[in-house]
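Input: a single structure, listed below in structure tokens.
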Amino acid sequence: MTLHHPDRRFRSALATARHELVLVRSGETMSPVEREGERLLLLNLLRRWVRISVIWEERLAALPDVRAYVEWQARSGIQVRTSAQVPLPISVVDNTTAVVGPLAGGGSAGRDREENTTVSDCPETVSMLHYLFLGCGTRRSRSR
Numbered sequence: 002m003t004l005h006h007p008d009r010r011f012r013s014a015l016a017t018a019r020h021e022l023v024l025v026r027s028g029e030t031m032s033p034v035e036r037e038g039e040r041l042l043l044l045n046l047l048r049r050w051v052r053i054s055v056i057w058e059e060r061l062a063a064l065p066d067v068r069a070y071v072e073w074q075a076r077s078g079i080q081v082r083t084s085a086q087v088p089l090p091i092s093v094v095d096n097t098t099a100v101v102g103p104l105a106g107g108g109s110a111g112r113d114r115e116e117n118t119t120v121s122d123c124p125e126t127v128s129m130l131h132y133l134f135l136g137c138g139t140r141r142s143r144s145r
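Convert by adding 1 to the 1-based position in the sequence shown; the result is the number in the working numbering.
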């Protein structure tokens with residue numbers, strides 16, 4: 002899931018993030034262009050002192066192009082963890098807005114991928130997804 006999500010609520014939450022962004026990554030890899038766009042967005046958030054934490058599915062983080070990106074994240078001050086299994090991709094901004102999906106292995110792309118993604122600003126849903134994030138990561142990634 003790329004952070005350049007089509008939903009206005011999520012884009013607005015990212016643009017005004019003040020405290021924290023948490024990401025759970027599984028399934029799909031990003032293109033180099035998507036990765037670079039996300040890298041710039043994450044750098045902007047770090048410059049604003051937004052704390053960023055990412056949990057990568059181990060299988061995905063082990064791919065050579067993704068591994069380099071994960072290592073860059075760790076060197077940049079992003080808290081990076083891995084997990085053997087990740088239930089689904091999640092993004093949570095300031096514990097106010099969350100994105101779930103698309104589900105890993107769905108094989109969806111483009112518009113289908115967007116339709117299989119849910120954005121919520123319901124406090125109970127966002128809190129539950131943040132709690133799920135806290136329980137996912139078990140290992141800290143190391144830069145090489």
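Even glycine gets a Cβ: it sits at the ideal position worked out from N, Cα and C. This one's a predicted model, so the numbers in the text were calculated from it and none came from an experiment.
Q: Write down every uninterrupted run of the alpha helix (DSSP H) in the segment 45 to 97 whose length is 4 residues or greater and which is fully enclosed by it, in chain order.
A: 59 to 62 and 65 to 76
Q: Indicate whether the contact test is met: 3 or more Cβ pairs, each with one atom in the segment 56 to 72 and one in the segment 19 to 31, closer than 8 Å.
A: Taking a cut-off of 8 Å for Cβ pairs, the segment 56 to 72 and the segment 19 to 31 touch, as three or more such pairs fall below it.
Q.
Can you check which of these residues, 66, 52, 82 and 27, is closest to residue 34 by C-alpha distance?
A. Translated into positions along the sequence shown, residue 34 becomes position 33. It is 66.
(Q) Give me, in chain order, the residues of the same chain whose beta-carbon lies closer than 7 Å to that of residue 18; leave out the 5 immediate sequence neighbours on both sides. (A) The sequence position of residue 18 within the sequence shown is 17, counting from 1. Excluding sequence neighbours, residue 18 sits near 46, 51, 94 and 95.
Q) Based on Cα-Cα distance, which residue from 43, 60, 62 and 69 lies nearest to residue 78? A) The residue given as residue 78 occupies position 77 in the sequence shown. For the residues 43, 60, 62 and 69, the minimum Cα distance to residue 78 belongs to 43.
Q: Kindly give me the distance between the Cβ atoms of residue 102 and residue 119, rounded to whole angstroms, as I take these residues to be in contact under 8 Å.
A: As a working note, residue 102 is residue 101 in the sequence shown. As a working note, residue 119 is residue 118 in the sequence shown. Confirmed, Cβ separation roughly 6 Å.
(Q) Bridge partners for residue 121 per DSSP, in chain order? (A) Here residue 121 is taken as the residue at index 120 of the sequence shown, counted from 1. DSSP lists 99 as partners of residue 121.
Q: Compare the Cα-Cα distances from residue 153 to each of 37, 123, 89 and 126 and report the closest residue.
A: As displayed, the chain neither begins before 2 nor continues past 145, which places residue 153 out of reach and without an answer.
Q.
Please identify the residue among 16, 134, 14 and 29 whose C-alpha is closest to the C-alpha of residue 84.
A. As a first step, residue 84 is located in the sequence shown; it is residue number 83 there, counting from the start. In terms of CA proximity to residue 84, 134 leads the group 16, 134, 14 and 29.
**Q.** Span of the beta strand (DSSP E) around residue 21
**A.** Against the sequence shown, residue 21 aligns to sequence position 20. That run of the beta strand (DSSP E) goes 21 to 26.
Q: Given a cut-off of 9 Å, decide if residue 130 and residue 91 are closer than it, judged by their beta-carbon atoms.
A: Your numbering for residue 91 matches position 90 in the sequence shown. Your numbering for residue 130 matches position 129 in the sequence shown. Yes, they are a contact pair.
(Q) Quick check on residue 97: buried or exposed, where buried means 16 or more other Cβ atoms within 10 Å of its Cβ? (A) To locate residue 97, count along the sequence shown from 1; it is residue 96. Looking at its Cβ environment, which holds 16 or more other Cβ atoms inside 10 Å, residue 97 is buried.
Q. Between residue 128 and the rest of its own chain, which residues show a CB-CB distance below 8 Å, the 5 nearest in sequence each way excluded?
A. Position 127 of the sequence shown, counted from the start, is the residue given in the question as residue 128. Result list for residue 128: 96, in chain order.
**Q.** Of the residues 87, 49, 121 and 40, the one placed nearest residue 29, counting alpha carbons only
**A.** As a position in the sequence shown, residue 29 is number 28, starting the count at 1. Among 87, 49, 121 and 40, the Cα nearest to that of residue 29 is on 87.
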